[in-house]
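Residues 324 to 397 in this note's numbering are what the sequence shown lists, from first letter to last. Heads up, the beta-carbon is just placed ideally off N, CA and C, and yes, glycines get one too. Just so we're clear, the structure is a prediction, and the values are computed from it rather than from any experiment.
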Amino acid sequence: MLDELHAKIPPLPPDAKMDTTESFIAGKRIDLLFEEGLIPLSEKRAWEDKIDRYAVSLPEVQAFFEKTWPWRKS
């Protein structure tokens, strides 16, 4: 069954900076920033485009997330 699922997933581009799991996580980070009103729709779409093309790495998205998210110090 797992082999069937893998067969349905299109191959990653040769220059991909992340895999499909990392892409999912990156997308969720950007979604959260948008849902919380921390980035505008245009910025969300720009990030989604990079993520969809695998043109950005998860560490790059995470760094942007950490810079943008209003962390609270204890």
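Residue i classed as buried or exposed, judged by whether at least 16 other C-beta atoms fall within 10 angstroms
i, result
"L296", "The chain is shown from 324 up to 397; residue 296 falls before or after that span and cannot be answered."
"M341", "buried"
"A349", "buried"
"R368", "exposed"
Same chain, Cβ closer than 8 Å to residue i, five either side skipped, listed in chain order
i, result
"L335", "D342, T343, Y377"
"S365", "none"
Inter-residue spacing [alpha-carbon to alpha-carbon] between residue i and residue j
i, j, result
"F387", "D338", "21 Å"
"I332", "P393", "36 Å"
"E371", "I353", "8 Å"
Other residues of its chain near residue i: CB distance less than 7 Å, five sequence neighbours each side excluded
i, result
"L381", "M341, E345, I348, A349"
Cβ shell of residue i (< 6 Å), same chain only, five flanking positions each side left out
i, result
"D326", "none"
"K373", "V379"
"T391", "L356, L361"
Opening and closing residue of the alpha helix (DSSP H) in which residue i lies
i, result
"K340", "Counting along the chain, K340 falls outside any alpha helix (DSSP H), and DSSP gives it neither H nor E."
"L325", "325-331"
Residue i: CB within 7 Å of a non-hydrogen atom of the ligand MN
i, result
"R376", "The ligand MN is absent from the structure shown, which contains no ligand whatsoever."
For this session: Go through the segment 357-393 residue by residue and report every complete run of the alpha helix (DSSP H) that reaches 4 residues or more, in order.
Result: 364-375, 381-391
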